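Here is the structure we will look at.
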Amino acid sequence: MGRQVTGALSDVAHVAAFLLLPPLLLGVINRTKAAFAGRVGPPYLQGYYDLVKLWRKGSVFSTSTSWVFKAGPVVGVATAALAAALVPVAGHAPLSFEGDAILFASLFALGRFFTIAAALDTGSAFEGMGAAREATFSSLAEPALFFGLVVLGRLARSLSLEAMLTSGNWPPRATASLVLVIAALFIVLLAENSRIPFDDPNTHLELTMIHEVMVLDHGGPALGAALYGASLKLFVLAAVVVGIALPVPHGSPWLSWVALLAGLLAVAVAIGVVESVMARLRLVHVPSLLVAACLLSAFGIVLLAR
Amino acid sequence: MALALVVVPLIFAAAAAVMPSQRWRPWLLPVCAAAHLAITLAALRSQDVAALGGWLKLDDLGRLVLPIASVLFFACSLYAPGYLALRPERSNRVFVPCLLFFLAMNSLIVESQHLGLMWVAVEATTLASAPLLYFNHNARSIEATWKYLLIGSVGIALALFGTFFLAYAALRAGLGTSLFFSDLVREAPRLSRPWLLAAFVLLFVGYGTKMGLAPMHTWKPAAYGEAPGIVGTLLAGALTSCAFLALLRFYRIVAAGGEAAFARQLMIGIGLLSMAVAGVFMARQRDYKRMLAYSSVEHVGILVLGIGIGGAGVFGALLHLVNNAVTKGVLFLSAGNIHRAYGSKSIDDVRGALRRLPFSGALFLAGFFAVTGSPPFGPFLSEFTIARAAMTSGQAVVGALFLVMLAIVFIGMGGAVLAVTQGEPPPSRREGFRDRLDTVAPIVLLMAVVVLLGVYVPAPLNALVLNAAAFVDVKP
Amino acid sequence: MTFLVASLAVLAGSGLIAAVLSRWSRLSTAAGAAGAVVGCALALRPALAALLGEEFVSRWRWTPPYGELAIGLDRLSAFFLVPVLVLAAVAALYGRSYLLAGKRRPLGPHALFFNLLVASMVLVLVARESMVLLVGWEAMSLTSFLLVTFEHERAEVRRAGWIYLVAGQMGAIALIAFLVLLIGHAGATDFAAFQHMARPDPWLAAVLAALALMACGVKAGLVPLHLWLPEAHAAAPSHISALMSGALIKIGLYGLLRALTFLPPAPWWGPALIVLGFIGAAFGISQALAQRDLKRALAYSSIENVGLILVGLGIAYWGIALRAPAVAALGALAAGFHLWSHVFMKGLLFLCAGSVLHGAGTRNLEALGGLARRMPWTAAMLLFGAVAIAGLPPLNGFVGEWLVLRGLFAAAMARGGAPAIAAMLGIGALALIAALAALCFVRLVGIALLGNARSEDAERAHESPAGLLGPMLVLAAGCAALSLRPAIALAPVASFAGQLFGAQVAAQVHALSPALTTLGSISTAVVAMLIVLGAALAARVSRPAAAPPTWDCGYAAPSARMQYTASSFAQLATSTIVPPALAPRPVVEKPRGLFPAPAAFRSEGADLVAARWYEAFFARWADRFARLRWLQEVALQAYLFYVLLMVVAALAWSSLRGWAGK
Amino acid sequence: MQAVADPLLVVLLLVNFFLLGSSRLRALVSGSAAQGTLLALLVLSVHGEITWQAIAIALGTVALKSVVIPSMLRRAMRDAAIHREVEPLIGFVPSLLLGGLGTGLSLVFARTLPLAPEHVGSLLVPASLATAFTGFLLLATRRRAITQVVGYLALENGVFVMGLTLVEAMPLLVEIGVLLDLVVAIFVMGIIIEHISREFSSIDPERLESLKE
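Protein chains in written order, with the numbering used here: chain S, 614 to 919; chain V, 2 to 477; chain Y, 401 to 1062; chain A, 242 to 454.
The following block contains the structure:
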């Protein structure tokens, strides 16, 4: 009985951590960018302040929207939360079964489906533009994600994230394909969460946006939910990348949690560095970068099966 | 009884010729047809039906073809009064007697055991159908009649030549020269070989012309294109079957003489040629009646192909004889109705028959599905039997060609039929014609027979076809 | 057995009654619909019993050309029969109110053909003898042709009907050739004889497999033979497209499976089916993106889903070839589950499309928009169906997708080397196809239901009557049941896989039941979470301060024309992802001359181009035939010359034979 | 008996060439009448003893083929008021040459056929083949409807000559049937020609081309 209780407790802690930390990640990214630009930058907890502010504001819905517009942010948050429950830490994930990697990827697809639908519901040209771009580019990102998962699955001989990210003892010949997979997943991470090479998070020129323009018409708690969902998605994907990069042996849970947080910090800093160093790609070149990510992970598969 | 089958229609023909009233004369047709059908059924039930000392005898083959001609004539006779009432401007003083004379001669062909007498009967049908074709009395029907008459007569002359060659074959072999079918079959093995083959070729071309096999089919599009519905049905259904009967008699003699292989190769070749010609000339055909003529050429080809394949193919061909006759009845009569309603035979002016003539249009479409061998209808059964016989008896190439030809004909014909039946009917110039009971009921009757033959082949008919097949396909 | 015959009799009888009462539309459609529902119910009972193992075959003698007829139900037939019957009953009810609400025209014949179509589908599924199969198969083609051309006053309906008829006939000719060759080899026309016949030598088996693939491929819509599918679905009334897409296509797959049971299993079947499946899926979805007609997009999506099912079947056969029952079980479960759920999903979507057509008067996406507010129920169900068919988690489409991906992965694990790499790359390709499917359906939903109405018809759209919504709800409930309880489909798939692939595979299928139950519970969890969060957010924003038009960056007078249209939404995808050969091709007629002459811009889907290729082929041959026409148009004398030629040729040949013979 | 038949058959072949060569319709019709009388003489000569049956057939042949039919054809010509044969499809000289070639061929072909002992030396079979071929040639090359009827008559005569070899095969009744059919055929053709002339105001089949595909 004792073991189930501690297990349940660690699951609750796991979910709580995954639900609370994401805005902090955004704070770290913004601070690294500010440091690069020689600015002081917003406080680390700015994310939480925004969420609280938005939660208290009133909301305005345009005449052309329907209930789907309100459902957009809700589905975004729900799917990201469930995906969070799938990511293992210290060898254990609150929710895991054979084949949950496919569910993990499809949950993000569901979130995306409703976000795009909500954008189209407003009936504005900009939202339509963002929706079209998001739908096309994410379609190109999906194969890269799946190739990465397949490489991990092939090594762990199972399609469950828990088995994939905690096997730890990868044969030396697999390191080459793992490096490729990490690179590919990092690109997918940037593409999915509207980071610099694909989309500038804090630009205000709607014509260039992809993600921000889709949540243009949301206000108040709905906008809060949308932003929170996006940050949770970033956090979860980053956790997966870290899970591959730092395979902590089964040791104590504390050690793996510390490794995860350190990893996340490193990923946040990396994102900040990439955003400060690179400029936004021209929209025409985005597909070629995504295809490059697909080729990287596909090449990983071919290397593996040698 | 056998004599009655020929004499009764002749008496009615004479009566019709004498009867003055234009209105009551057509009613003679159904009466005579009913009488003829009754006699036929009685003849089928009784064992041996003979007359004039063996000159007229109903053998197994005749027992199959006679009911076909009789049923088809009965259906046409029900259709005729309604149709002729619509054509008051044309006098039927020549039309009705010729129809009755046509029926008499058909019965004579089926029953005559003497090949010379049979020839006389076939020539008589040619002459009887000339005025029938000429019913419309316009420039086009003159041309059609002239072509029909001339090619028909030349063909028949060749048939007479072939008959004499056959008799000479017997003379050459030192036997008595008798043109009786039973004698020739008995003497067949001893007939002199080259005369027998030459005779079969001439007879095949002669009676093939009457059937409309390619390359002797050239009169069909003209004749069927211009003939009224009834005449088209009788020519395509009854006359073709009788000519096929004559052909089978000679095939029987040649098979008994041991030359079946040569005859079957000739038949397969001509059968496939006829189907090919039909397929080719049906593409982009603008006149739906001429299209029916090519469909008749195709089905005559199938009949001969079935015999050529042999084995179960013979059963298939004879069953197809029945199916083809009845289906052609449906197609020609419904095409006749559509022609009456729209006043034109070209596809460009005839659209939306389903909307304007719901019954005739639907029957025409159903007839198209039947004639191209779709399962719920009769012809599918016989064509499937022929295809199966071809494949199982090692003639896979013939079977494959057969199926391909069916597909080509389907596409060629489908385009025309759908153009006629579907769509919105153009503003009609002649309000007169609507679907009426007496012009639609006979077609529905024939269609019911086609569907029945597709689903359940009644035992007596099956016995008739089996006996006929046994009669034809003798194992040398 | 008596239930089956009773069901066929009820279907045929009620159809005839409906045809006779054709003048009183309400009465005849009521008779037709009631007959269809009762007929389907009667047939459902033996079908469900057969699924649980109560199989039977009954034979009786028929007139000679038929020989001995046999019908029977085994698990394979029952597995296909159950969804077909459910969809047929629902479509019949929907059809009645759909047609009564439509243009005034005699509905009797339509009800007759509908019931005959259902009867012929049942006949095909229960046929145990080649003649019965052929009669059922062709009757199915004919009746569905007559149903597709219900509104044959429109030119494109006639064209669609003609293409469908020709395709059906080509398939029928291939089926006749297949059966005749089999009969020739097995010596009898009965399926039992086919099963126990001597092993045909390899080349005959290959020819038979090719013929079976062509005959059933036409009906199932495999890619090179799919041409009739989008045309027929766009032209047919919606409940007919639902029935065709849901049931008719599946019967094509049934025919393929039944044919493969007769032949000795060859190792190349698995990979071949997988490749065919991928081609179909990729082609289908790449075309569905670019369609501006709602029903044509759904039709292409059917081609994609048939592709997925084929991939599942391919995995199953590959698993058998690799002697890995676990892989085969995954493939069979993927194919079986996705087949059942596709019947419900696609049926629902087509009925929704019918409801949209009824409410908004048009199927052209460019003229729709804002239907969510004006037709809430239809919009909700269309959205529900779209999420399901796009393979997104809480609903049953995802379960099928999940199983296919796991099947591919298991196949990759079972064998090393090149096939493993191919399978793993296949997973990525399937992910791309799934993503494009999501894009296609978010486009359909976003453009048709959301935003502002793009035309007066859409502006005046009204919700459909209960007669239409009821059947749609039934199908939606079916989808929901399969999503929340996927395990209910496990037993039928296990029995179906048991017959096709053996007991070991059936056991493995049952072993997968815990995985399905977890998936079901997760779906319920997702739904629960959505409801909770939705309620929380709704409570928070209960009193919206004001309801202005969309902000649109301060533009004062937003109009419906500013919205993204269907083609602009898909333009980015078709220009980057879809290869140029398959992308829609703009057809521009530039204005010529000084004064503005009529100019036009049209963008044609790749399939229209393929259709033109077929038409060009037939036209070329028709021209060649027409050029032979002079043979008939010559003078009378030439005709006589033909006869003379024939006589001389035949005489020469006979005398040659005579000498050779002597 | 043999001795009498052969010269008649030679005359028959000559008449064939006359038919092929002549361009005037009146000559054609009288040529056909001549053929009729020749046939009647042949019937008498071939039958061993002069029975009443042979006489009946001979008289029937003369009556029909030399009197009734030619008069009908002349009446049809008078109605249509035409006398000359339009230039045939392949010209008079070539058709004559073809006729000659045909006769030669039929002689050769007849020799290959195994003849019954009493016909071995006789000209009967080759003559019938030659006359039939001439008839066919006339039918297939001439433009005028009346010439085609004469061609059909010649074809029938050829077949009739073949019939002479089989004395008892064709009993009287059937013989009469054949003759009757022939007459009715010509009679119907005559009516059709009359209608053609009324309709087209000329009777060459060239005009009968309106039935296009």
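Glycine included, every Cβ here is placed at the ideal spot set by N, Cα and C.
Here the structure is a predicted model, which means the values were calculated and not measured.
Does any C-beta atom of chain Y lie closer than 8 Å to the C-beta of residue i?
i	result
S/S790	no
S/G786	Per the sequence presented here, residue 786 of chain S reads as Arg, with Gly not at that position. Not an interface residue.
V/Q396	no
A/T344	no
V/I143	no
A/F401	no
Under a Cβ-count criterion, where at least 16 other Cβ atoms within 10 Å of its own Cβ denotes burial, should residue i be classed as buried or exposed?
i	result
A/N257	buried
Y/H596	exposed
V/P477	Caution is warranted here: a pLDDT of 47 is assigned to V/P477, below 50, making its placement in the model unreliable, and no coordinate value can be reported.
V/L192	buried
Y/K1062	Residue placement at Y/K1062 is poorly supported in this model, since its pLDDT is 48, which falls under 50; the coordinates still yield a value, given next. By the 10 Å Cβ count, Y/K1062 comes out exposed.
Y/K695	buried
V/P89	exposed
Y/T402	exposed
Quick check on the DSSP output: the alpha helix (DSSP H) that includes residue i runs from which residue to which?
i	result
Y/F456	Premise fails: Y/F456 lies in the beta strand (DSSP E), F456 to R461, not in any alpha helix (DSSP H).
Y/A732	P725 to A760
Going by beta carbon distance, what residues of the same chain come within less than 7 Å of residue i, once the five residues before and after it are set aside?
i	result
V/Q335	The residue you asked about is not Gln; residue 335 of chain V is Ser in the sequence shown. Counting only Cβ-Cβ distances below 7 Å, and skipping sequence neighbours, we find S361, L364, F365, G368 and I444.
S/A789	L916
S/V899	F750 and F811
Residues in its own chain within less than 6 Å of residue i by CB, not counting five upstream and five downstream?
i	result
V/A284	G413
S/A757	A797, V801, A906, C907 and S910
Y/R496	T429 and A433
For residue i and chain A, any beta-carbon pair shorter than 8 Å?
i	result
Y/K1062	Low local confidence applies: a pLDDT of 48 at Y/K1062 is under 50, so the model's placement there is unreliable, with the coordinate-based value given in what follows. No, no contact with chain A.
Quick check on the DSSP output: the beta strand (DSSP E) that includes residue i runs from which residue to which?
i	result
Y/R985	R985 to E989
Y/R1029	Per DSSP, Y/R1029 belongs to no beta strand (DSSP E) and is neither H nor E.
Y/E468	E468 to L473
Y/F1001	A1000 to E1004
Can you list, in chain order, the residues of its chain with a C-beta nearer than 8 Å to that of residue i? Leave out the 5 residues immediately preceding and following it.
i	result
S/I795	V854, I857 and A858
A/L279	L249, V252, L253 and V256
Y/L850	G769, G770 and A772
From the DSSP output, in three-state form, read off residue i for me.
i	result
A/R265	strand
Y/A837	helix
V/R357	helix
V/L240	helix
S/K670	coil
V/V95	coil
V/K58	strand
So, is the C-beta of residue i closer than 8 Å to a C-beta in chain V?
i	result
A/T456	Since the first and last residues shown for chain A are 242 and 454, residue 456 of chain A lies out of range.
A/L354	yes
Using a Cβ-Cβ cut-off of 8 Å, state whether residue i counts as contacting chain B.
i	result
Y/L1040	This model lacks chain B altogether, as its protein chains are S, V, Y and A.
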